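Protein chains in written order, with our numbering: chain A, 1 to 345; chain B, 346 to 681.
Each residue gets a CB set at the ideal place from its N, CA and C atoms; glycine is no exception.
Since this is a predicted model, take the numbers as computed values, not measurements.
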Amino acid sequence: MSTDVNVKLDALPGLDADALPLEVKNLQVEFRTRNGIARAVNGVNFSLRAGETRAILGESGCGKSVTAQAIMGILDSPPGFVTGGEIRYRGVDLLKLREAQRRKVRANRIAMIFQDALSALNPVFTVGFQLGELFRKHRGMSRADSKVRAVELLDLVKIPAAKQRVNEYPHQFSGGMRQRVMIAMALALDPEVLIADEPTTALDVTVQAQIMSLLAELQRERNMGLLLITHDMGVVADVADQISVMYAGRVIEEAPVREIYESPSHPYTKGLLESIPRLDLKGQELSAIKGLPPLLTDIPKGCAFNPRCRYAQDACRRDPVPPLYQVAPSRSSACHFWKEVKADV
Amino acid sequence: MSDIVLEARDLVKHFPLTQGILFKRQIGAVRAVDGINLQLRRGETLGIVGESGCGKSTLARMLVGLETPTSGDLFVQGRNMAKVGGAERRRGRRNIQLVMQDPYTSLNPRMTVGDIVGEPFEVHPEVLAKPKRRARVQELLDLVGLNPDHINRYPHQFSGGQRQRIGIARALALNPEIILCDEPVSALDVSIQAQVINLLEKLQDELGLSYIFIAHDLSVVRHIADRVAVMYLGRVVEIGTEDQIYENPTHPYTQALLSAVPVPDPKLRGLRDQIVLTGDVPSPANPPSGCRFRTRCWKAQEICAQQEPALAVRQSSAHPSACHFAEVRDVVHAQR
Chain A
1 MSTDVNVKLD ALPGLDADAL PLEVKNLQVE FRTRNGIARA VNGVNFSLRA
51 GETRAILGES GCGKSVTAQA IMGILDSPPG FVTGGEIRYR GVDLLKLREA
101 QRRKVRANRI AMIFQDALSA LNPVFTVGFQ LGELFRKHRG MSRADSKVRA
151 VELLDLVKIP AAKQRVNEYP HQFSGGMRQR VMIAMALALD PEVLIADEPT
201 TALDVTVQAQ IMSLLAELQR ERNMGLLLIT HDMGVVADVA DQISVMYAGR
251 VIEEAPVREI YESPSHPYTK GLLESIPRLD LKGQELSAIK GLPPLLTDIP
301 KGCAFNPRCR YAQDACRRDP VPPLYQVAPS RSSACHFWKE VKADV
Chain B
346 MSDIVLEARD LVKHFPLTQG ILFKRQIGAV RAVDGINLQL RRGETLGIVG
396 ESGCGKSTLA RMLVGLETPT SGDLFVQGRN MAKVGGAERR RGRRNIQLVM
446 QDPYTSLNPR MTVGDIVGEP FEVHPEVLAK PKRRARVQEL LDLVGLNPDH
496 INRYPHQFSG GQRQRIGIAR ALALNPEIIL CDEPVSALDV SIQAQVINLL
546 EKLQDELGLS YIFIAHDLSV VRHIADRVAV MYLGRVVEIG TEDQIYENPT
596 HPYTQALLSA VPVPDPKLRG LRDQIVLTGD VPSPANPPSG CRFRTRCWKA
646 QEICAQQEPA LAVRQSSAHP SACHFAEVRD VVHAQR
């Protein structure tokens with residue numbers, strides 16, 4: 001790693017090498033639209049250790065991607081605004097940084113992979129040029145040097161014939177190969193935190209398996225923290241260490257992966273687990289969660305899940321929103337009746 | 346009447362690749378579907394699985410008559426759809442309806458729900474007299490779990506799951522015996538997906554429908570299907586009952602496909618037999634000689650390049666499997 005950049009990163013106010021690579025506290029994001037204010041994220045908390053994989057699990061519209069965008073600082077603004085909370089990288093609150101400082105953190109320390117690799121890559125530049133751009137902009141390398149690094153990166157993500165393919169355009173790559181290019185791009189500057197937003201949703205299962213095993217291998221080698229944003233409970237079970245389940249802009253349950261699948265302690269998590277058909281079992285009727293997720297412009301009072309919940313009682317329909325109850329060490333659930341839910345098998 | 350409601354014999358669809366503008370000449374063909382034999386029995390669900398580009402959607406379009414086969418025959422309740430013409434053909438088509446993948450683009454945003462669900466009657470006016478249609482549309486909406494009073498609403502006023510219900514109601518309008526579902530739940534969230542799957546199963550029980558269920562999600566197919574066909578590059582490589590395919594898969598591609606599906610149970614992490622395939626699916630314009638899977642297969646030998654394996658029952662495979670070296674391998678369950 002070239003030293004000049006690290007010098008600049010050291011200059012970040014309050015940088016503490018011993019603090020966690022990523023800590024999100026009480027994050028709030030809203031979208032100001034013509035139809036009112038949509039509260040996409042309403043106080044999200046989590047932290048990520050080096051080498052750890054945390055999955056943020058949730059359905060469309062729960063605020064998981066918005067959380068990722070807020071961390072990266074790539075929220076479309078307007079209409080999106082971060083209205084409160086802290087996002088700390090090694091103790092530095094990213095939300096208080098100037099844009100120029102933030103740009104140093106982005107890709108250097110925290111990088112991101114997107115779902116749709118074809119639209120995330122620029123179709124009019126070669127893959128090598130786009131990969132090299134990182135080294136030219138962030139490391140001040142020459143064109144020739146950056147090209148060499150681009151080939152190394154394609155090799156790293158196991159793209160065959162990297163020397164030739166570096167001169168090709170994104171449309172000449174298959175879906176899986178494009179996602180590999182995205183991973184290469186994210187890893188180029190050796191980040192400490194990698195955010196993967198639905199990295200395999202657009203891919204076929206056999207390719208998904210290739211990409212997930214590549215990601216796991218690279219993460220292990222580099223001791224990176226991985227924030228995996230997904231709706232796929234199967235993928236989560238395979239790779240995650242910690243899980244945060246989101247619903248209507250809040251984390252409603254947080255737990256280590258084994259425990260959450262064994263004894264979910266929030267009715268929504270439980271409902272999700274019961275509604276997926278399993279490959280290794282032939283099921284009877286699926287127990288679906290009734291109803292629909294709420295509109296973010298009109299989140300129900302009290303617990304946002306109460307209209308769909310079979311445990312709901314009067315307390316759930318009244319404000320305040322249920323707090324995160326401590327279920328066990330390192331486990332929490334935002335349900336007044338978590339004891340009943342957890343005991344109910 | 347025979348028990349087989351739909352049969353495909355050697356169905357082929359090639360899309361020509363041409364060169365030149367004025368004097369076009371064919372330089373090849375994308376062999377999207379290349380010789381498929383299928384039978385659908387009354388009241389059963391046949392699942393068709395495969396990855397993108399394997400030809401499953403082209404097959405679906407041929408089965409409902411949106412695409413004319415290059416060669417081969419399609420029988421709907423004993424009628425050869427290519428041979429019969431006019432009114433007879435329309436009657437045949439009436440019996441097989443399609444539920445499409447994307448509930449956002451498959452409904453016309455400028456039509457009300459009542460017009461959308463009632464449109465099949467415009468095409469087949471002999472089914473129901475005009476004055477009775479509105480009541481029938483409301484009955485259909487009720488059947489799929491929508492409020493019949495919402496008949497004058499527009500598609501944008503419904504959520505994704507509800508829109509898929511509208512699509513299902515439209516498919517049911519003409520009382521078909523066969524419903525072809527092309528990825529009906531892949532655009533939906535898991536909690537909504539379960540609602541739609543349950544609805545499809547309920548309708549099958551009530552109306553005695555036969556389903557062809559095309560999907561890439563193998564867990565969903567296992568849940569709903571009685572028999573399953575696995576496709577690769579325009580051909581069926583293995584076909585059998587749900588149990589045979591999932592518990593005793595014998596084709597290497599089926600095994601790889603099944604082993605790649607993550608199981609939502611962290612206790613099984615690392616305990617399952619995982620086959621990670623290398624490389625990509627070859628182009629259907631230029632498929633490999635012999636067995637089409639051989640370029641990615643760990644079992645491939647010389648014979649695989651020379652001789653195309655037939656889809657047949659073999660000594661080591663109780664159900665039809667197109668592999669010279671078919672053998673059972675449990676990839677779905679944890680190894681202990």
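Going by other Cβ atoms of all chains shown within 10 Å of its Cβ, with 16 needed for buried, is residue i buried or exposed?
| i | result |
| --- | --- |
| tyrosine 449 (chain B) | exposed |
| threonine 206 (chain A) | buried |
| arginine 180 (chain A) | buried |
| proline 414 (chain B) | buried |
| leucine 153 (chain A) | buried |
| asparagine 593 (chain B) | buried |
| lysine 163 (chain A) | exposed |
| proline 329 (chain A) | exposed |
| aspartate 18 (chain A) | exposed |
| histidine 501 (chain B) | exposed |
| glycine 431 (chain B) | exposed |
| lysine 137 (chain A) | exposed |
Opposite residue i in the DSSP bridges: which residues?
| i | result |
| --- | --- |
| tyrosine 247 (chain A) | A:Arg250 |
| methionine 576 (chain B) | B:Val581 |
| leucine 89 (chain A) | Checking the sequence, you will find tyrosine at residue 89 (chain A) rather than leucine. In DSSP, tyrosine 89 (chain A) forms a bridge with A:Val92. |
| cysteine 526 (chain B) | B:Val444, B:Phe558 |
| leucine 351 (chain B) | B:Leu385, B:Val421 |
| asparagine 413 (chain A) | The question about residue 413 (chain A) has no answer, for chain A in this structure spans 1 to 345. |
| arginine 376 (chain B) | B:His359 |
| threonine 201 (chain A) | Its beta-bridge partners do not exist; DSSP assigns none. |
| glutamine 242 (chain A) | A:Arg54, A:Pro256 |
| threonine 297 (chain A) | Note: threonine 297 (chain A) sits in no beta bridge, so no partner. |
| leucine 48 (chain A) | A:Leu22 |
| tyrosine 325 (chain A) | A:Ser333 |
Starting from the C-beta of residue i, find all residues in its chain whose C-beta is less than 6 Å away, skip the five residues before and the five after it, and write them out in chain order.
| i | result |
| --- | --- |
| leucine 391 (chain B) | Leu385, Ile557, Arg572 |
| tyrosine 598 (chain B) | Tyr577, Val582, Phe638 |
| valine 245 (chain A) | Leu57, Ile252, Glu253, Thr269 |
| alanine 334 (chain A) | Ile252, Pro322, Leu324 |
Cβ closer than 7 Å: which chain A residues qualify as neighbours of residue i?
| i | result |
| --- | --- |
| serine 504 (chain B) | Leu292 |
| aspartate 567 (chain B) | According to the sequence displayed, residue 567 (chain B) carries arginine and not aspartate. Neighbours of arginine 567 (chain B) on chain A, chain order: Pro277, Leu279, Lys282. |
| glutamine 540 (chain B) | Ala288 |
| histidine 664 (chain B) | The premise fails here: histidine 664 (chain B) is roughly 17 Å from chain A at the closest Cβ pair, so nothing lies under 7 Å. |
For residue i, which residues of its own chain have a beta-carbon under 8 Å away from its beta-carbon, when the five flanking residues on both sides are left out?
| i | result |
| --- | --- |
| methionine 141 (chain A) | Gly132, Phe135, Arg149 |
| alanine 117 (chain A) | Pro170, Gly175, Arg178, Gln179, Val181, Met182, Ala202 |
| glycine 85 (chain A) | Val24, Lys25, Asn26, Leu27, Gln28, Gly43, Val44, Leu95 |
| alanine 574 (chain B) | Leu383, Leu391, Gly392, Ile393, Val394, Val581, Glu583, Ile584 |
In chain A, what lies closer than 8 Å to residue i by C-beta?
| i | result |
| --- | --- |
| lysine 477 (chain B) | Those within 8 Å of lysine 477 (chain B) in chain A number zero; the least Cβ separation is about 32 Å. |
| leucine 563 (chain B) | Val205, Leu279 |
| asparagine 631 (chain B) | In chain order: nothing, as chain A lies at least about 15 Å away. |
Which whole-angstrom value describes the C-beta separation of residue i and residue j, a residue pair presumed to lie in contact below a C-beta threshold of 8 Å?
| i | j | result |
| --- | --- | --- |
| arginine 54 (chain A) | glutamine 242 (chain A) | 5 Å |
| leucine 27 (chain A) | threonine 67 (chain A) | 6 Å |
| leucine 563 (chain B) | leucine 603 (chain B) | 6 Å |
| leucine 519 (chain B) | valine 462 (chain B) | No, leucine 519 (chain B) and valine 462 (chain B) are not in contact; Cβ-Cβ is about 11 Å, not under 8 Å. |
| valine 677 (chain B) | tyrosine 591 (chain B) | 6 Å |
| leucine 12 (chain A) | arginine 49 (chain A) | Not a contact, Cβ separation roughly 20 Å. |
| aspartate 197 (chain A) | arginine 222 (chain A) | That belief does not hold up - the Cβ atoms of aspartate 197 (chain A) and arginine 222 (chain A) are roughly 19 Å apart, past 8 Å. |
| leucine 296 (chain A) | alanine 248 (chain A) | 7 Å |
| aspartate 232 (chain A) | methionine 212 (chain A) | Contact doesn't hold; Cβ gap of about 10 Å is too wide. |
Identify the contact partners of residue i in chain B, using a Cβ-Cβ distance below 8 Å as the criterion.
| i | result |
| --- | --- |
| arginine 258 (chain A) | Pro611, Lys612 |
| glutamate 285 (chain A) | Asn543, Glu546 |
Under 7 Å Cβ-Cβ, which residues of chain B neighbour residue i?
| i | result |
| --- | --- |
| histidine 231 (chain A) | Asp534, Val535 |
| glycine 355 (chain A) | This structure leaves residue 355 (chain A) out entirely; chain A is present only between 1 and 345. |
| threonine 206 (chain A) | Glu396, Ala601, Leu602, Ala605, Leu622 |
| glutamate 352 (chain A) | Outside the displayed span of chain A (1 to 345) sits residue 352 (chain A), for which this structure offers no information. |
Can you name, in chain order, every residue of its own chain whose Cβ lies under 7 Å from the Cβ of residue i, other than the five neighbours on each side?
| i | result |
| --- | --- |
| glutamine 538 (chain B) | Val530 |
| glutamine 589 (chain B) | Ala663, His664 |
| arginine 434 (chain B) | Met426 |
| arginine 102 (chain A) | Gly73, Leu94 |
| asparagine 440 (chain B) | Val421, Gln422, Pro521, Glu522, Ile523 |
| alanine 532 (chain B) | Gln446, Asp447, Pro448, Gly505 |
Closer than 9 Å by beta-carbon distance: list the chain B residues that pair up with residue i, in chain order.
| i | result |
| --- | --- |
| glutamine 210 (chain A) | Ala605, Val621, Leu622, Thr623 |
| alanine 237 (chain A) | Pro607, Val608, Pro609, Asp610, Pro611, Lys612, Leu613, Arg614 |
So with CB distances below 9 Å, who are the chain A contacts of residue i?
| i | result |
| --- | --- |
| glutamate 587 (chain B) | Lys282 |
With 7 Å as the C-beta to C-beta threshold (strictly closer), list the residues of the region 56 to 81 of chain A near chain C in chain order.
Considering every chain present, this structure includes no chain C. Its protein chains are A and B.
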